[in-house]
Amino acid sequence: MRTLIKVAAVLALAANYHSAAGRVGTQNVSASQSVTDVRERPLLGIDYSGAARLKLASRKDSYRFGEMIGLDIALLNATDTPIFFHKLSGPTVVVKVFDEKGAVVKVIPGSVRLEGVVPQSYVLLGAGEVTVGSRQLLAGCNAAGLAAFDEARQRLNEDVGRQKIGYDQGMFERGLFVNWGDVCAQTTRPGSYDIVVEVSNRHVVLSGRGAKVKTAVSTISSPPLRITISE
Amino acid sequence: MRYLLMVVVVTLLCGGGARAVGQAKGGDNRSERRTLIDVRKKADLGIDYSQTAKVKLASRQSSYRFGELISLDLALLNATDKRLFVDKPSGIGLSIEVVDENGKEVSVNPYTVLAGSPSPESYSLLEPNQITIGGFILLAGCNTEGVGSFLDRRVELARDVSAGRAEYDRGLFERDLFVNWGDACLRTTHPGKYSVTATLTNRWVVVSPAEPKVKTMVGTIRSTPLTITIAE
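Sequence order for the protein chains is A and B. First residue of the first sequence? That's 1 in our numbering, and the numbers climb one at a time after it. First residue of the second sequence? That's 232 in our numbering, and the numbers climb one at a time after it.
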């Protein structure tokens with residue numbers, strides 16, 4: 001498998017190819033750069049509304065309760081100049097769900113995400129380049145096994161606290177490394193739901209003396225994605 | 232069913248993006264100044280998986296329906312009392328085999344073939360009893376509505392990019408081709424029980440000036456089979 005395969009027909013894709021949840025566009029930001037609050041360097045910020053387009057998609061439009069809804073997110077640098085964008089990861093991305101009447105459906109995270117904002121949190125996108133990310137939304141929070149999984153994770157935390165077992169070893173021995181997605185939508189009603197993702201950022205990248213590359217700040221929302229959830 | 236295999240040449244240096252599933256955890260993954268070398272040229276830095284690791288394969292459900300994405304989660308434990316380098320359990324070092332109830336192999340068809348040289352970034356330094364997590368997403372069935380046209384449209388984009396008719400990133404965005412269909416599809420139409428096994432293979436060792444005597448897990452290790460039921 002490790003043999004290098006050369007296929008000329010697709011070389012054009014190769015330079016940019018990344019998995020669906022990775023970076024598509026250009027350069028990662030170097031650790032030698034730094035970040036600061038946009039209020040301290042307002043001239044280095046540019047509002048998302050003037051810099052980007054955000055899209056949300058999923059591989060299908062109908063899911064069943066207990067199924068994982070893959071939410072794929074793409075952010076396009078819609079300007080003609082390079083701009084720093086926060087990667088589509090961590091607490092920067094918020095998933096919102098609304099029912100057919102527009103009422104908010106509670107979205108419960110599987111874990112609390114905190115982020116220390118560092119230069120590597122950002123990607124420099126050239127004009128017309130895209131960065132992509134994803135979130136996994138479990139359809140319903142009552143899936144068989146989820147409650148037991150949460151309880152088992154809680155027990156592990158307690159056992160680690162009492163020094164009965166190491167955290168990693170406990171995760172391994174008890175099979176708690178299983179992926180239950182990022183969030184679940186707390187609903188039991190079949191029907192249509194509108195899903196929106198919001199991306200927020202309030203820091204700018206300081207990219208060296210004299211550099212004037214701006215960072216997209218404030219909040220941008222995707223157009224709603226309609227999903228049907230059935231029994 | 233038409234099946235399109237798009238072969239994409241990717242060096243793993245490009246592969247730093249996080250996967251849909253499988254954010255590796257555990258270990259120090261500083262890779263500055265680290266290099267990789269074939270274990271045959273530096274045998275003293277290799278140690279066989281069988282002496283060092285335990286591997287587990289799991290999934291959140293034991294039953295899926297055709298068209299669902301089966302998330303296969305893999306954990307590798309450093310079962311020694313020494314620090315060791317390990318290739319993350321995802322990407323080209325990971326292969327998935329599936330057999331049906333009669334023990335007959337069922338084809339796992341990847342959408343893209345990743346090939347190339349590995350990079351130090353894909354290796355973690357694991358402490359004793361520490362784990363690293365990876366995974367694989369398998370679509371139940373290759374006849375799922377939408378996947379064929381998705382792959383067709385990916386190929387069409389590749390052609391348009393090659394012909395100068397489209398820019399790759401903008402094409403992905405405008406044509407909704409950033410959607411994740413998993414890593415591969417399981418080529419079956421028969422409901423029933425399937426046994427899934429993950430195999431990790433590595434023949435590279437990390438040469439690290441800061442950790443000159445730390446060995447790397449090499450060879451091949453297989454998980455115990457995981458039984459999954461696929462229903463209509």
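Backbone N, C-alpha and C define an ideal beta-carbon position, used for all residues, glycine too. Since the structure is predicted, the reported quantities are computational estimates derived from the model, not experimental observations.
Per DSSP, reduced to three states, the secondary structure at B/Phe316 is strand. DSSP lists A/Ile229 as the beta-bridge partner residues of A/Tyr63.
If the five residues before and after B/Gly298 are omitted, its C-beta is found closer than 8 Å to the C-beta atoms of Leu370, Ala371, Gly372, Thr375, Glu376, all from its own chain and listed in chain order.
Distance from the CA of A/Ser58 to the CA of A/Ala185, rounded to the nearest whole angstrom, comes to 16 Å.
Within the DSSP secondary-structure output, B/Val378 pairs in no beta bridge. Within the DSSP secondary-structure output, A/Ser121 pairs in no beta bridge. Around A/Lys164, no beta-carbon contact reaches into chain B at under 8 Å, the shortest distance being about 14 Å. The C-beta separation of A/Ser200 from A/Thr219 comes to about 4 Å, placing the pair in contact by the 8 Å criterion.
By the neighbour-count criterion, in which a residue is buried when 16 or more other Cβ atoms sit within 10 angstroms of its Cβ, B/Thr419 is buried. At the C-beta level, A/Leu206 and A/Ser49 stay beyond 8 Å of one another.
The C-alpha of B/Leu417 lies about 11 Å from the C-alpha of B/Tyr342. Residues of the stretch 129-147 of chain A whose Cβ lies closer than 7 Å to any Cβ of chain B, in chain order: Glu129, Val130, Val132, Ser134, Gly145. Inclusion of B/Asn360 and A/Gly166 in the CB contact set at 8 Å is warranted, their separation being smaller than that value.
For B/Asn374, the nearest beta carbon of chain A is not closer than 8 Å to its own beta carbon.
Closest option to A/His86, judged by alpha-carbon separation, among A/Ile227, A/Ile195, A/Leu125: A/Leu125.
With 16 or more neighbouring CB atoms inside 10 Å of its own CB, B/Arg385 falls in the buried class. Against chain B, a Cβ distance below 7 Å from A/Asn179 picks out Val252, Arg291, Ser302, Asp304, Gly366.
Contact annotation, B/Ser290 with B/Ile459: C-beta distance approximately 7 Å; criterion of less than 8 Å satisfied.
Between B/Pro351 and B/Lys319, the alpha-carbon positions lie close to 10 Å from each other. Under the 10 Å beta carbon count, A/His203 is surrounded by 16 or more other beta carbons and is classified as buried. For A/Ser207, no beta strand (DSSP E) run applies, since DSSP gives it neither H nor E. Distances from the CA of A/Gly191 to each of A/Arg174, A/Phe177, A/Ile229 were compared; the closest alpha carbon is that of A/Ile229. Taking the Cα positions, B/Leu357 is about 8 Å away from B/Thr363. DSSP, read as helix, strand or coil, puts A/Gly45 in strand.
Put simply, the backbone Cα of B/Thr432 is about 6 Å away from that of B/Gly450. Under DSSP, A/Gln136 shares a beta bridge with A/Gly70.
Residue environment analysis places B/Val339 among the buried positions, since at least 16 neighbouring C-beta atoms fall within 10 angstroms of its C-beta. Residues of chain A whose Cβ lies closer than 8 Å to the Cβ of B/Leu403 are, in chain order, Val24, Ala74, Val130, Val132. For A/Glu158, the secondary structure class from DSSP, reduced to helix, strand or coil, is helix. Nearest in C-alpha terms to B/Arg264, of all of B/Ala462, B/Ile461, B/Pro440, B/Met448, is B/Pro440. B/Arg401: member of the alpha helix (DSSP H) spanning 399-405, first to last residue. B/Gly366 and A/Val123 have their C-alpha atoms roughly 25 Å apart.
No Cβ of chain B is located within less than 8 Å of the beta carbon of A/Phe65. According to DSSP, residue pairing for B/Trp435 in a beta bridge involves B/Asp269. Chain A has no Cβ within less than 8 Å of the Cβ of B/Asp318. Collapsing the DSSP output to three states places B/Tyr342 in coil.
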